[in-house]
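Novice:
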Amino acid sequence: MNTSGVLKKLNPIKGNIIVMQLSISTKKLTHAAFPGELHLITLTNSHGLEVLLSNYGASVWSVKLHDKEAQPIDLSLSYKNIQDWATNPYYFGITAGRVANRIGGAQFPLNGNTIQLTPNESNNQLHGGPQGLSHCLWQCETLRYQDAVAASFSIISPDGDQGYPGELVIKVEYRLNENNELTIAYEAKSDQTTPVCLTNHTYWNLASDKQNGILGHSLQLQSQHILALDAEQIPTGELIQVENTAFDFRQPKMILRDIHTLDNGYDHYFVMDRKDSRSSNLNVIANLVDPISGREMEISTTELGLQFYSGNFLDGTHFDQHDKPLTQYYGLCLETHGYPNAVNIDHFPSVILEANNVYKQITVHKFKNI
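When the letters of the sequence shown are read in order and numbered with my numbering, they come out as residues 8 to 377.
Laid out in C-alpha coordinates, this is it:
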(Lines of atoms letter the chains of each structure in order from A and count residues from 1; the text may use other names and numbers.)
(Lines give C-alpha, C1' and ligand atoms only; values in the text may rest on other atoms or scores of the structure.)
Protein backbone atom coordinates (compact mmCIF):
# COMPACT_ATOMS: atom_id res chain seq x y z
CA MET A 1 0.00 0.00 0.00
CA ASN A 2 1.25 3.46 -0.89
CA THR A 3 1.26 5.79 2.11
CA SER A 4 2.49 8.97 0.44
CA GLY A 5 0.42 12.10 0.83
CA VAL A 6 -2.05 10.66 3.31
CA LEU A 7 -1.94 13.54 5.76
CA LYS A 8 -2.92 16.02 3.06
CA LYS A 9 -6.09 14.09 2.30
CA LEU A 10 -7.63 14.06 5.76
CA ASN A 11 -7.88 16.94 8.19
CA PRO A 12 -6.15 16.33 11.53
CA ILE A 13 -8.19 15.88 14.68
CA LYS A 14 -7.53 19.26 16.23
CA GLY A 15 -6.06 20.05 19.65
CA ASN A 16 -3.81 22.48 21.46
CA ILE A 17 -0.65 22.29 23.59
CA ILE A 18 0.55 19.51 25.90
CA VAL A 19 0.51 19.75 29.69
CA MET A 20 3.47 18.58 31.73
CA GLN A 21 1.96 15.38 33.15
CA LEU A 22 1.70 13.72 29.75
CA SER A 23 4.57 12.45 27.64
CA ILE A 24 5.39 10.87 24.28
CA SER A 25 8.46 8.95 23.21
CA THR A 26 9.31 7.35 19.87
CA LYS A 27 11.70 4.53 19.05
CA LYS A 28 12.63 3.57 15.50
CA LEU A 29 14.07 0.20 14.55
CA THR A 30 14.48 -2.20 11.66
CA HIS A 31 13.93 -5.94 11.70
CA ALA A 32 14.12 -8.46 8.88
CA ALA A 33 10.58 -9.70 9.62
CA PHE A 34 9.04 -6.33 8.71
CA PRO A 35 8.84 -4.65 5.29
CA GLY A 36 10.30 -1.35 6.53
CA GLU A 37 11.14 0.80 9.52
CA LEU A 38 9.13 0.25 12.68
CA HIS A 39 8.02 3.23 14.73
CA LEU A 40 7.14 2.37 18.33
CA ILE A 41 5.39 5.23 20.10
CA THR A 42 4.77 5.32 23.85
CA LEU A 43 2.04 7.52 25.35
CA THR A 44 2.17 7.98 29.14
CA ASN A 45 0.17 9.93 31.72
CA SER A 46 0.94 10.84 35.34
CA HIS A 47 -1.12 7.92 36.72
CA GLY A 48 1.20 5.36 35.15
CA LEU A 49 -1.07 4.46 32.24
CA GLU A 50 1.27 3.63 29.37
CA VAL A 51 0.27 2.71 25.82
CA LEU A 52 2.80 1.32 23.34
CA LEU A 53 1.77 1.70 19.70
CA SER A 54 3.27 0.50 16.42
CA ASN A 55 2.99 1.76 12.86
CA TYR A 56 2.76 -1.87 11.70
CA GLY A 57 -0.98 -2.39 11.53
CA ALA A 58 -1.57 0.90 13.41
CA SER A 59 -1.62 -1.40 16.40
CA VAL A 60 -1.57 -1.50 20.19
CA TRP A 61 1.49 -3.46 21.37
CA SER A 62 0.85 -3.03 25.08
CA VAL A 63 -1.23 -1.21 27.67
CA LYS A 64 0.11 -0.95 31.21
CA LEU A 65 -1.31 0.64 34.36
CA HIS A 66 0.32 1.14 37.73
CA ASP A 67 -1.27 -0.88 40.52
CA LYS A 68 -1.86 0.45 44.04
CA GLU A 69 1.82 -0.16 44.83
CA ALA A 70 2.86 1.84 41.73
CA GLN A 71 4.02 -1.30 39.91
CA PRO A 72 3.28 -1.47 36.15
CA ILE A 73 0.81 -4.22 35.26
CA ASP A 74 0.10 -5.37 31.71
CA LEU A 75 -3.58 -5.02 30.83
CA SER A 76 -3.22 -6.34 27.27
CA LEU A 77 -1.57 -9.37 25.70
CA SER A 78 1.70 -9.05 23.80
CA TYR A 79 4.08 -11.42 22.05
CA LYS A 80 7.44 -12.44 23.51
CA ASN A 81 9.20 -12.34 20.13
CA ILE A 82 9.11 -9.30 17.89
CA GLN A 83 8.88 -11.46 14.76
CA ASP A 84 5.51 -12.74 16.00
CA TRP A 85 4.21 -9.19 15.60
CA ALA A 86 5.07 -9.41 11.88
CA THR A 87 2.93 -12.50 11.22
CA ASN A 88 0.56 -11.76 14.13
CA PRO A 89 -1.54 -14.93 13.81
CA TYR A 90 -3.90 -13.84 16.61
CA TYR A 91 -4.33 -10.26 15.30
CA PHE A 92 -3.02 -8.79 18.57
CA GLY A 93 -3.79 -5.08 18.84
CA ILE A 94 -4.30 -4.45 15.13
CA THR A 95 -6.53 -2.07 13.22
CA ALA A 96 -8.86 -4.46 11.39
CA GLY A 97 -10.19 -3.50 7.98
CA ARG A 98 -11.17 -2.38 5.47
CA VAL A 99 -14.08 -4.38 6.89
CA ALA A 100 -13.62 -5.96 10.31
CA ASN A 101 -15.01 -9.39 11.18
CA ARG A 102 -16.32 -11.84 8.56
CA ILE A 103 -17.84 -11.40 5.12
CA GLY A 104 -19.62 -14.54 3.98
CA GLY A 105 -18.34 -16.05 0.75
CA ALA A 106 -15.77 -13.23 0.49
CA GLN A 107 -18.17 -11.35 -1.78
CA PHE A 108 -21.03 -8.88 -1.72
CA PRO A 109 -23.33 -7.01 -4.13
CA LEU A 110 -22.68 -3.33 -4.85
CA ASN A 111 -24.46 -1.15 -7.41
CA GLY A 112 -25.56 -4.12 -9.49
CA ASN A 113 -22.19 -5.86 -9.45
CA THR A 114 -20.82 -8.71 -7.37
CA ILE A 115 -17.60 -7.67 -5.66
CA GLN A 116 -15.24 -10.61 -5.15
CA LEU A 117 -12.84 -10.24 -2.24
CA THR A 118 -9.67 -12.12 -1.35
CA PRO A 119 -10.65 -14.93 1.06
CA ASN A 120 -8.47 -15.80 4.04
CA GLU A 121 -10.72 -17.94 6.26
CA SER A 122 -12.01 -20.87 4.21
CA ASN A 123 -14.22 -19.25 1.55
CA ASN A 124 -14.85 -16.15 3.65
CA GLN A 125 -12.91 -12.99 4.32
CA LEU A 126 -11.82 -12.11 7.86
CA HIS A 127 -10.63 -8.67 9.02
CA GLY A 128 -10.08 -7.28 5.54
CA GLY A 129 -8.17 -10.13 3.91
CA PRO A 130 -4.75 -11.79 4.08
CA GLN A 131 -2.95 -8.48 3.51
CA GLY A 132 -5.43 -6.19 5.18
CA LEU A 133 -4.65 -3.02 7.10
CA SER A 134 -3.34 -5.16 9.96
CA HIS A 135 -0.26 -6.29 8.05
CA CYS A 136 0.93 -3.03 6.51
CA LEU A 137 3.24 -0.22 7.57
CA TRP A 138 1.40 3.06 8.16
CA GLN A 139 2.67 6.62 8.23
CA CYS A 140 2.69 8.06 11.73
CA GLU A 141 3.12 11.26 13.67
CA THR A 142 2.86 12.30 17.31
CA LEU A 143 0.50 15.02 18.51
CA ARG A 144 0.46 17.10 21.69
CA TYR A 145 -2.79 18.59 22.94
CA GLN A 146 -3.72 20.71 25.93
CA ASP A 147 -5.22 17.74 27.74
CA ALA A 148 -3.83 14.70 25.90
CA VAL A 149 -1.01 13.14 23.93
CA ALA A 150 -1.63 11.17 20.77
CA ALA A 151 -0.24 9.15 17.90
CA SER A 152 -1.84 9.39 14.48
CA PHE A 153 -1.48 6.68 11.82
CA SER A 154 -2.41 7.10 8.15
CA ILE A 155 -2.45 4.91 5.06
CA ILE A 156 -3.82 4.78 1.52
CA SER A 157 -5.44 1.50 0.53
CA PRO A 158 -5.40 1.45 -3.30
CA ASP A 159 -8.34 0.63 -5.54
CA GLY A 160 -8.75 -3.16 -5.67
CA ASP A 161 -6.85 -3.81 -2.44
CA GLN A 162 -7.99 -7.25 -1.17
CA GLY A 163 -10.81 -6.90 -3.73
CA TYR A 164 -12.37 -3.68 -2.40
CA PRO A 165 -13.31 -0.91 -4.84
CA GLY A 166 -11.95 2.60 -4.51
CA GLU A 167 -8.84 4.27 -3.15
CA LEU A 168 -9.47 4.56 0.57
CA VAL A 169 -7.59 7.06 2.74
CA ILE A 170 -7.62 6.00 6.39
CA LYS A 171 -6.54 7.69 9.59
CA VAL A 172 -6.48 6.23 13.11
CA GLU A 173 -5.61 8.33 16.13
CA TYR A 174 -4.89 7.01 19.63
CA ARG A 175 -5.25 9.69 22.29
CA LEU A 176 -4.39 9.37 26.00
CA ASN A 177 -5.47 11.85 28.68
CA GLU A 178 -5.14 12.35 32.44
CA ASN A 179 -8.53 10.72 33.08
CA ASN A 180 -7.04 7.33 32.14
CA GLU A 181 -9.00 7.38 28.89
CA LEU A 182 -7.58 5.91 25.70
CA THR A 183 -9.61 7.22 22.77
CA ILE A 184 -9.38 5.58 19.35
CA ALA A 185 -10.74 7.80 16.57
CA TYR A 186 -11.09 6.58 12.99
CA GLU A 187 -11.64 8.52 9.77
CA ALA A 188 -11.77 7.27 6.19
CA LYS A 189 -12.63 8.66 2.77
CA SER A 190 -12.90 6.93 -0.61
CA ASP A 191 -13.09 8.11 -4.20
CA GLN A 192 -15.61 5.32 -4.92
CA THR A 193 -18.55 3.88 -3.02
CA THR A 194 -17.17 1.07 -0.86
CA PRO A 195 -17.76 -0.65 2.50
CA VAL A 196 -15.80 0.54 5.55
CA CYS A 197 -16.02 -0.94 9.04
CA LEU A 198 -12.94 -0.52 11.23
CA THR A 199 -12.09 -1.73 14.72
CA ASN A 200 -9.24 -2.49 17.11
CA HIS A 201 -8.38 -6.07 18.05
CA THR A 202 -6.51 -5.76 21.35
CA TYR A 203 -6.72 -8.74 23.71
CA TRP A 204 -7.41 -7.73 27.32
CA ASN A 205 -6.55 -9.46 30.58
CA LEU A 206 -6.76 -7.13 33.59
CA ALA A 207 -5.43 -9.65 36.13
CA SER A 208 -2.00 -9.44 37.71
CA ASP A 209 -1.56 -13.19 37.24
CA LYS A 210 -2.31 -13.75 33.56
CA GLN A 211 -2.06 -17.56 33.77
CA ASN A 212 -5.58 -17.75 35.19
CA GLY A 213 -6.91 -16.26 31.96
CA ILE A 214 -10.07 -14.19 31.73
CA LEU A 215 -12.67 -16.70 32.96
CA GLY A 216 -12.67 -15.06 36.39
CA HIS A 217 -13.32 -11.61 34.92
CA SER A 218 -16.75 -10.04 35.31
CA LEU A 219 -18.32 -8.63 32.16
CA GLN A 220 -21.36 -6.44 31.61
CA LEU A 221 -22.68 -5.65 28.13
CA GLN A 222 -25.49 -3.22 27.30
CA SER A 223 -27.14 -5.63 24.89
CA GLN A 224 -30.43 -7.51 24.66
CA HIS A 225 -29.64 -9.29 21.37
CA ILE A 226 -26.84 -11.09 19.58
CA LEU A 227 -26.60 -11.90 15.89
CA ALA A 228 -27.39 -15.49 14.94
CA LEU A 229 -24.50 -17.31 13.23
CA ASP A 230 -24.18 -20.16 10.77
CA ALA A 231 -21.66 -22.99 11.06
CA GLU A 232 -18.89 -20.76 9.67
CA GLN A 233 -19.53 -17.92 12.15
CA ILE A 234 -21.27 -15.80 9.50
CA PRO A 235 -24.33 -13.79 10.64
CA THR A 236 -27.53 -15.09 9.09
CA GLY A 237 -29.57 -11.91 9.50
CA GLU A 238 -31.52 -13.04 12.55
CA LEU A 239 -31.31 -11.53 16.03
CA ILE A 240 -31.48 -13.70 19.15
CA GLN A 241 -32.65 -12.41 22.53
CA VAL A 242 -30.04 -12.94 25.23
CA GLU A 243 -32.53 -13.48 28.06
CA ASN A 244 -32.17 -16.96 29.62
CA THR A 245 -29.14 -17.76 27.47
CA ALA A 246 -25.37 -17.89 27.98
CA PHE A 247 -25.22 -14.53 26.20
CA ASP A 248 -27.02 -12.57 28.89
CA PHE A 249 -24.49 -10.06 30.24
CA ARG A 250 -27.01 -7.31 30.99
CA GLN A 251 -25.92 -7.57 34.61
CA PRO A 252 -22.26 -8.15 35.55
CA LYS A 253 -21.46 -11.86 35.19
CA MET A 254 -18.37 -14.01 35.50
CA ILE A 255 -17.33 -15.21 32.05
CA LEU A 256 -16.70 -18.65 33.55
CA ARG A 257 -20.35 -19.07 34.49
CA ASP A 258 -21.77 -20.05 31.09
CA ILE A 259 -18.85 -20.31 28.68
CA HIS A 260 -18.63 -24.11 28.89
CA THR A 261 -22.21 -24.43 27.67
CA LEU A 262 -20.94 -23.17 24.30
CA ASP A 263 -19.04 -25.36 21.84
CA ASN A 264 -16.27 -22.86 21.15
CA GLY A 265 -16.62 -20.11 23.72
CA TYR A 266 -17.78 -16.61 22.84
CA ASP A 267 -17.21 -15.16 19.38
CA HIS A 268 -20.44 -13.27 18.87
CA TYR A 269 -21.70 -9.81 17.97
CA PHE A 270 -23.74 -8.12 20.70
CA VAL A 271 -26.17 -5.48 19.46
CA MET A 272 -26.00 -2.38 21.63
CA ASP A 273 -29.08 -1.04 23.40
CA ARG A 274 -29.40 2.48 22.02
CA LYS A 275 -32.24 4.61 20.69
CA ASP A 276 -30.28 6.25 17.90
CA SER A 277 -28.73 4.50 14.94
CA ARG A 278 -25.21 5.45 13.90
CA SER A 279 -24.37 8.84 15.44
CA SER A 280 -21.54 10.83 16.97
CA ASN A 281 -22.85 10.16 20.49
CA LEU A 282 -20.74 8.00 22.79
CA ASN A 283 -22.61 5.35 24.75
CA VAL A 284 -21.24 2.95 27.35
CA ILE A 285 -21.42 -0.57 25.95
CA ALA A 286 -19.13 -2.69 28.15
CA ASN A 287 -17.60 -2.94 31.62
CA LEU A 288 -14.85 -5.48 32.28
CA VAL A 289 -13.63 -6.07 35.85
CA ASP A 290 -10.96 -8.28 37.39
CA PRO A 291 -12.42 -8.80 40.90
CA ILE A 292 -9.12 -9.87 42.45
CA SER A 293 -7.10 -6.78 41.50
CA GLY A 294 -10.04 -4.39 41.33
CA ARG A 295 -9.03 -3.18 37.88
CA GLU A 296 -11.83 -2.10 35.56
CA MET A 297 -12.15 -1.11 31.91
CA GLU A 298 -15.21 0.75 30.65
CA ILE A 299 -15.83 1.01 26.91
CA SER A 300 -17.90 3.74 25.26
CA THR A 301 -18.46 3.92 21.52
CA THR A 302 -20.35 5.54 18.67
CA GLU A 303 -20.83 2.06 17.15
CA LEU A 304 -23.93 -0.15 17.10
CA GLY A 305 -22.40 -3.09 18.95
CA LEU A 306 -19.30 -5.13 19.62
CA GLN A 307 -17.81 -8.53 18.97
CA PHE A 308 -17.00 -10.36 22.21
CA TYR A 309 -14.29 -12.92 21.49
CA SER A 310 -13.05 -14.99 24.43
CA GLY A 311 -9.71 -16.06 22.94
CA ASN A 312 -10.98 -19.47 21.92
CA PHE A 313 -8.29 -20.12 19.32
CA LEU A 314 -5.25 -19.11 21.35
CA ASP A 315 -3.49 -22.46 21.03
CA GLY A 316 -0.31 -22.20 23.11
CA THR A 317 2.06 -22.19 20.13
CA HIS A 318 3.16 -18.61 20.84
CA PHE A 319 4.32 -16.96 24.06
CA ASP A 320 3.44 -13.72 25.80
CA GLN A 321 5.77 -10.98 26.99
CA HIS A 322 6.40 -12.95 30.21
CA ASP A 323 7.33 -16.16 28.34
CA LYS A 324 4.01 -17.85 29.17
CA PRO A 325 2.15 -19.83 26.49
CA LEU A 326 -0.83 -18.03 25.00
CA THR A 327 -3.50 -20.63 25.65
CA GLN A 328 -7.27 -20.69 25.27
CA TYR A 329 -9.10 -17.95 27.23
CA TYR A 330 -5.81 -16.20 28.09
CA GLY A 331 -7.28 -12.90 26.88
CA LEU A 332 -10.45 -11.50 25.33
CA CYS A 333 -11.39 -8.97 22.67
CA LEU A 334 -14.19 -6.42 22.81
CA GLU A 335 -14.29 -5.11 19.23
CA THR A 336 -16.60 -2.15 18.59
CA HIS A 337 -17.81 -1.93 14.99
CA GLY A 338 -20.87 -2.15 12.76
CA TYR A 339 -22.85 -5.31 12.10
CA PRO A 340 -20.65 -8.05 10.57
CA ASN A 341 -21.62 -9.31 7.11
CA ALA A 342 -23.86 -6.25 6.75
CA VAL A 343 -22.76 -6.01 3.11
CA ASN A 344 -24.81 -9.15 2.41
CA ILE A 345 -27.87 -8.53 4.60
CA ASP A 346 -30.15 -5.74 3.43
CA HIS A 347 -31.95 -5.14 6.73
CA PHE A 348 -28.71 -4.70 8.71
CA PRO A 349 -27.51 -1.12 9.21
CA SER A 350 -25.35 -0.32 6.20
CA VAL A 351 -21.54 -0.13 6.32
CA ILE A 352 -21.37 1.31 2.80
CA LEU A 353 -19.47 4.60 2.54
CA GLU A 354 -20.55 6.72 -0.39
CA ALA A 355 -17.84 8.23 -2.56
CA ASN A 356 -16.22 11.34 -1.05
CA ASN A 357 -18.13 11.02 2.21
CA VAL A 358 -16.21 10.62 5.46
CA TYR A 359 -16.46 7.58 7.73
CA LYS A 360 -15.98 8.31 11.43
CA GLN A 361 -15.88 6.09 14.48
CA ILE A 362 -14.83 6.77 18.08
CA THR A 363 -14.27 4.30 20.91
CA VAL A 364 -13.05 5.20 24.40
CA HIS A 365 -11.43 2.80 26.88
CA LYS A 366 -11.44 4.15 30.45
CA PHE A 367 -9.28 2.35 33.02
CA LYS A 368 -9.79 2.36 36.78
CA ASN A 369 -8.26 0.88 39.91
CA ILE A 370 -11.31 0.30 42.09
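Even glycine gets a Cβ: it sits at the ideal position worked out from N, Cα and C.
Could you check the C-alpha separation between E342 and F315 for me, to the nearest Å?
Specialist: Cα to Cα, E342 sits roughly 7 Å from F315.
Novice: Please work out which residues of its chain come closer than 6 Å, Cβ to Cβ, to N351, disregarding the five sequence neighbours upstream and downstream, and give them in chain order.
Specialist: Excluding sequence neighbours, N351 sits near G111, F115.
Novice: Please go through the same chain and pick out, in chain order, the residues whose beta-carbon is closer than 6 Å to the beta-carbon of I24, but skip the five residues on each side of it.
Specialist: Because the pLDDT of I24 is 40, which lies under 50, any placement of that residue in the model is unreliable, and the question is left without a value.
Novice: Does DSSP classify N131 as helix, strand or coil?
Specialist: Note: N131 maps to strand in three-state DSSP.
Novice: Give the DSSP-derived three-state secondary structure of A158 in the structure shown.
Specialist: In the structure shown, A158 sits in a strand (DSSP, three-state: E or B).
Novice: On a Cα-Cα basis, can you pick out the residue from C143, F160, T243, S287 that is closest to I369?
Specialist: Measuring from the Cα of I369, the nearest candidate turns out to be S287.
Novice: Can you tell me whether DSSP reads S66 as helix, strand or coil?
Specialist: Residue state, collapsed to three classes: strand.
Novice: Just how far apart, CA to CA, sit L50 and E180?
Specialist: Going by the C-alpha atoms only, they are around 12 Å apart.
Novice: Give the DSSP-derived three-state secondary structure of I101 in the structure shown.
Specialist: Three-state DSSP puts I101 in coil, outside helix and strand.
Novice: Could you tell me which residues DSSP puts in a beta bridge with Q114?
Specialist: DSSP output for Q114 lists Q123 as bridge partner(s).
Novice: Expressed to the nearest angstrom, what Euclidean distance is found between the alpha-carbon atoms of L226 and I306?
Specialist: Approximately 11 Å, taken between the alpha carbons.
Novice: Since C340 sits in a beta bridge, which residues does DSSP pair it with?
Specialist: According to DSSP, which records beta bridges pairwise, C340 is partnered with Y316.
Novice: At 4 residues or longer, and completely inside the region 243-321: list those alpha helix (DSSP H) runs for me, N to C.
Specialist: For the region 243-321, whole alpha helix (DSSP H) runs of length 4 or above, ordered along the chain, are 263-266.
Novice: Who pairs with C204 in a beta bridge, going by DSSP?
Specialist: Partner(s): V106.
Novice: Could you check which residue in I89, T243, H267 has the C-alpha nearest to that of F254?
Specialist: With distances taken between Cα atoms, F254 lies closest to H267.
Novice: Less than 7 Å between the CB of L133 and some heavy atom of the ligand MG, yes or no?
Specialist: Absent from the structure shown: the ligand MG. Ligands present: none.
Novice: Return the chain-ordered list of same chain residues with a C-beta closer than 6 Å to the C-beta of G170, the five sequence neighbours on each side being excluded.
Specialist: Correct list, in chain order: Q123, L124, T125.
Novice: Does A362 pass the burial test, meaning 16 or more other C-beta atoms within 10 Å, or should it be called exposed?
Specialist: Exposed, since its Cβ has fewer than 16 Cβ neighbours within 10 Å.
Novice: Checking 8 Å against the spacing of the C-beta atoms, do G164 and D327 come in under that value?
Specialist: Residue identity differs from the one stated: residue 164 is Ser in this sequence, not Gly. Against a cut-off of 8 Å, the Cβ pair of D327 and S164 comes out as no contact.
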